[in-house]
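Numbering (this note's numbering), first residue to last: 4 to 375.
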């Protein structure tokens, strides 16, 4: 791996590659920038994860934390994982391997194929309550003299934030939320809570997809009904509507498209078939940057590090020992304020929202770096 290929003035500060012969664990941690505080980022477990992917995600976290105005830097971890592997064994050995830097330089969190359960295992193996956030609500400790408990990502903080980013973007596009047609690509934790909260605000979700395919119904899809179908039958495609391939969701005639699962799903192969007026990036890096810059000329795009910061804002609330009510209030305030600021800056300077968000984040980072 050529570090020079993506290194710049911000980082990365450290790249750790760790291996355990007994468990077969092979993992990576990238600490991108810690000028604002310890690096914050989730642990991703997939068969294809590599250092470059982890670096891209760590950089997104650097910008996300700076833009959210949190005392965290950016980091990320990856563990190579196949379904037949013993997940608990891999998590334990990875936790032991990075203990020298966690939580002093890096604080873990859930990501793809990791949840509150894995964070409990990770934290127990590390021995420090603050070595990870996104822990179960039943896992508690004394912080600053008060009883503090985990705030699992299963509470939906990221999707909750995405719904607010979507509402702000609709206002900027002068589209009423009650007349908006929305497609959500991905029905995992982020997609489900985004769906639930937007439906509550009066939006019509006309398409939703998962790994099995896409369900499209221009009349709208009910959250409660599709959740039940997903739980009982294993996929959203068994709901009422037209069954399409999951790739087709990116080409539907909707007001808002929300990619909420995998990276690089909108790319050079399908970018010219995207018909949405707005894209809200609920997933991390769902569009390569060069493709996003091209699409930004005709589509309003809320970048990932703006739209999906609800998770890391929740992590901060947990890190300082606050509860669910405080977390929800903080997510709403920060996502609303930051999305509005980024879109206003982009419009005023005639640049893309990603460029605007990056400018704001870089200004904060450079100020912090000068003080070191």
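Yeah, the Cβ is synthetic: ideal placement off N, Cα and C, and Gly gets one too.
### Query
How long is the line joining the alpha carbons of residue 1 and residue 93, rounded to whole angstroms?
Only positions 4 to 375 of the chain appear in the structure, and residue 1 is not among them; the question remains open.
#### Entry: Of the residues 186, 193, 39, the one placed nearest residue 207, counting alpha carbons only
186
### Query
In whole angstroms, what is the alpha-carbon distance linking residue 365 and residue 295?
19 Å
### Message
Bridge partners for residue 22 per DSSP, in chain order?
### Response
29
### Contact set for residue 99: own chain, Cβ-Cβ below 7 Å, skip 5 residues either direction
128
#### Entry: Coil, strand or helix - residue 35 by DSSP
strand
### Query
Which residue from 223, 183, 69 puts its Cα closest to that of residue 372?
69
### Task
Taking only the alpha-carbon atoms, compute the straight-line gap between residue 33 and residue 159 and give it to the nearest angstrom.
26 Å
### Query
What separation, rounded to the nearest whole angstrom, lies between the Cα atoms of residue 288 and residue 51?
15 Å
### Query
To which residues of the same chain is residue 198 closer than 6 Å at the C-beta, ignoring the five residues directly before and after it?
187, 208, 226
### Query
What number of angstroms, rounded off, separates the C-alpha of residue 157 from the C-alpha of residue 74?
23 Å
### Query
Using the C-alpha atoms, what's the distance from residue 310 back to residue 352?
20 Å
### Query
What runs of the beta strand (DSSP E), each 3 residues or longer, lie entirely inside the stretch 69-120?
76-83
### Message
My parser needs the alpha helix (DSSP H) runs of 4 or more residues fully inside the stretch 183-244; what are they?
### Response
192-203, 226-236
### Message
Please report the straight-line C-alpha distance between residue 86 and residue 361, rounded to a whole angstrom.
### Response
37 Å
### Message
Going by DSSP in three states, residue 264 sits in which element: helix, strand or coil?
### Response
coil
#### Entry: Endpoints, the alpha helix (DSSP H) within which residue 342 is located
327-352
### Query
Buried or exposed: which applies to residue 53, given that a residue is buried once 16 or more other Cβ atoms fall within 10 Å of its Cβ?
exposed
### Task
Could you tell me which residues DSSP puts in a beta bridge with residue 150?
145
### Query
With respect to the beta strand (DSSP E) encompassing residue 372, which residues constitute its N-terminal and C-terminal limits?
Taken as a continuous stretch (DSSP letters only), residue 372 belongs to no beta strand (DSSP E), being part of the alpha helix (DSSP H) at 356-374.
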